[in-house]
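Quick notes on the structure that follows.
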Amino acid sequence: MNRTTAWVALAGLAASSLALTAPAQAAPEHASTKAGTYSVSASINETTAIGKETVLKIRGRVSPKAAGEKVVLQQRVDGKKKWKATGTTKVRANGTYKVTDDPSTPGTREYRVVKPASNGYGQGISKTLEVEVYSWGRLTSRTAGPLTNMGYRGVTIGTEYFGQSLATVTAGSPSSVEYTLGRKCTELRATYALTDDSATGATGSVTVSADGSVLGSHALSVGTIVADDTIDLDGVFRLRIDATASATPAAITAIATPEVLCTR
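If you use mature numbering (1 follows the signal peptide of the UniProt record, and there is no 0), the sequence shown corresponds to residues -26 to -1, 1 to 238, in order.
Put into structure tokens, the structure is as follows:
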């Protein structure tokens, strides 16, 4: 090996040794290191609610505290896939928060609280909270089953007009109507009376039954008004209303503005 070749080989070995022993280059100062994700707890004050009556309150804590930062309330209805943001609030100095919702439509509703990513921490999501929402609706707006001698119309009772009511058609003939509730309703409320166009001395009656069992019965005469009567329908599958109205003197028996509290 000549002197020039030996010198080149020696220089190569030295460079390789320096490369192996040189310290690793420090990361740029602007590079960020992920610190983890936010932890979000959540609880709710009610698991059943009445639409437009019950205010739901969702409370929880964010860790790390993230004081003054925003959390987002999300919800979805009846098992839908997409979550919808419906409210925001700020985290208190101690890391807690409170946000409210006033549901109106019936059905199963799910809630969760999201803390967006910030300060090097990833987004945090609370557990899912489920609420069953009920709302009052017109019984006459539901699809009726068997209907005998009963009509849908407005009625006047004690000079007061009641729309969306049920009333007997032919005096002296039995009257009835049935509705399938499917165990999704909890209450029935209505006013029972003879209408103002019933003759003096007329009589009638109303009987409310559920799945073959009588839940309530009212004997009626002119001037007798059973106002805003409420009946428990918890677990009821089929609702039936029977009414009588005397032929002489002629009567018209009314179930005025009946409403049911249902989840669907």
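All C-beta atoms in this analysis are idealised placements derived from N, C-alpha and C, irrespective of residue type, glycine included. Just so you know, these numbers come straight off a predicted model, no measurement behind them.
Residue range of the unbroken beta strand (DSSP E) whose run includes residue i
i	result
Tyr153	Ser149 to Thr154
Ala167	Cys159 to Leu168
Thr231	Thr227 to Cys236
Val51	Lys44 to Val51
Asp75	Thr70 to Asp75
Thr63	Lys58 to Lys64
Thr130	Met124 to Ile131
Val196	Val196 -> no beta strand (DSSP E), and no H or E assigned at all.
Residue i burial status per 10 Å Cβ neighbour count (16 or more: buried)
i	result
Arg112	exposed
Ser115	exposed
Lys89	buried
Thr7	Low confidence applies here, because Thr7 scores a pLDDT of 38, under 50, leaving its location unreliable; read the following figure in that light. Exposed: under 16 other Cβ atoms inside 10 Å.
Ser187	exposed
Asp216	buried
Pro232	buried
Tyr71	buried
Tyr95	buried
Tyr126	exposed
Ser172	buried
Asp146	Contrary to the premise, residue 146 reads as Gly rather than Asp in this sequence. Exposed: under 16 other Cβ atoms inside 10 Å.
residue 252	Beyond the ends of the chain as shown, which are -26 and 238, falls residue 252; an answer cannot be given.
Val29	exposed
Ala(-21)	At Ala(-21), the pLDDT of 42 sits below 50, so the modelled position is not reliable and the matter cannot be decided from this model.
Ala141	buried
Ala193	exposed
Ala228	buried
Three-state secondary structure (DSSP) of residue i
i	result
Thr11	strand
Leu207	coil
Gly98	strand
Ser172	coil
Ser109	strand
Thr144	coil
Thr222	coil
Ser115	helix
Pro80	coil
Glu3	Confidence at Glu3 is low in this model, with a pLDDT of 34, below 50, so its placement is unreliable and no value can be given for it.
Asp185	coil
Glu134	strand
Glu104	strand
Thr21	coil
Ala(-21)	Legend: pLDDT at Ala(-21) = 42, less than 50; position of this residue unreliable, no value from coordinates given.
Pro90	coil
Val29	coil
residue 323	Nothing in the structure corresponds to residue 323, since the chain is present only between -26 and 238.
Ala16	coil
Ala217	strand
8 Å Cβ cutoff, residue i in contact with chain B
i	result
Glu152	Among the protein chains of the structure shown there is no chain B, as only one such chain exists.
Cβ-Cβ distance between residue i and residue j below 8 Å
i	j	result
Ser100	Arg83	no
Gly119	Arg238	no
Phe136	Thr165	yes
Glu152	Leu213	yes
Val143	Ala230	no
Tyr108	Ile32	no
Leu207	Leu168	no
Thr122	Pro148	yes
Ser195	Thr177	yes
Gly34	Ala16	yes
Gln97	Thr11	yes
Ala9	Ser92	no
Ala184	Val210	yes
Ser179	Thr218	yes
Leu189	Trp110	no
Taking one C-beta from the stretch 43 to 55 and one from the stretch 69 to 82 each time, how about it: are there three or more such pairs within less than 8 Å? The answer is yes - the stretch 69 to 82 touches the stretch 43 to 55, with three or more Cβ pairs under 8 Å.
Across the stretch 53 to 69 and the stretch 11 to 23, are there enough close Cβ pairs to call them in contact, namely three or more that are closer than 8 Å? Touching, no.
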